[in-house]
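Asker: Once you've had a glance at the structure underneath, I'll fire off some questions.
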Amino acid sequence: MPITEICKPSALRDAVGNVYIRQQMSDKCIRSVPASAMAGYEDLSDFQRGVIVGAGEMRHSITEVAMKFRFASTTISRVYREYRVSGKTSNFRHRCDRKKTLKELDH
Numbered sequence: 529m530p531i532t533e534i535c536k537p538s539a540l541r542d543a544v545g546n547v548y549i550r551q552q553m554s555d556k557c558i559r560s561v562p563a564s565a566m567a568g569y570e571d572l573s574d575f576q577r578g579v580i581v582g583a584g585e586m587r588h589s590i591t592e593v594a595m596k597f598r599f600a601s602t603t604i605s606r607v608y609r610e611y612r613v614s615g616k617t618s619n620f621r622h623r624c625d626r627k628k629t630l631k632e633l634d635h
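If you number the sequence shown the way the working numbering does, the last residue is 635 and the count never jumps.
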C-alpha cells in the first residue's frame, strides 16, 4: 500500500509527539502508524539492555518494564531471555559486516 500522507501530531488526536504516517486505500484511511515503526527498529544501547536485565533481575514483570521504559514487551522478553540463556547483555549486531578478505587482512 502506498503512503499517501504524512501527518503532523496536531492533525491526529492520538499522536503524542510523533509524526504519523497514514496509509489510504481509495478515500478511506485504513491505518495510521508512527513513522518510527515504518522506519524499522533501532538497536538498543548497552545501557538500555542493562536496565532491562536489571529490572528483570529485580523480579519486575515484563509488562511493567515495557510500560515504564516504553519498549515493546517482546523486546523486553527477548533481551531478558538472551541474558538468562547466554549471560549476554551487549549487542553484537555491529559485527555483522562483510568479512575481510585475506588481502585486506594483510594490510
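All C-beta atoms, glycine included, are put in the ideal place defined by N, C-alpha and C.
Quick one: grab the DSSP three-state call for residue 564.
Answerer: Residue confidence for residue 564 is low, a pLDDT of 49 falling below 50, so the modelled location carries little weight; the figure read from the coordinates is stated next. Helix, per DSSP.
Asker: Determine the DSSP secondary structure at residue 583, reduced to helix, strand or coil.
Answerer: Helix.
Asker: How many Å lie between residue 573 and residue 597 at the Cα?
Answerer: Using only the alpha carbons, I get a separation of about 13 angstroms.
Asker: By Cβ distance below 7 angstroms, which residues in the same chain neighbour residue 634 in space, the five residues on each side in sequence not counted?
Answerer: So the list is empty, once near-sequence residues are dropped.
Asker: Since I believe residue 581 is in contact with residue 607 (beta carbons under 8 angstroms), could you give me their beta-carbon distance rounded to a whole number of angstroms?
Answerer: Contact flag correct, Cβ pair sits at about 7 angstroms.
Asker: When we look at the beta-carbon of residue 617 and count the other beta-carbons within 10 Å, is it buried (16 or more) or exposed?
Answerer: Answer is buried; the Cβ neighbour count reaches 16.
Asker: Drop a sphere of 10 angstroms on the beta-carbon of residue 609, count the other beta-carbons inside from all chains shown, and report buried for 16 or more, exposed for fewer.
Answerer: Answer is exposed; the Cβ neighbour count stays below 16.
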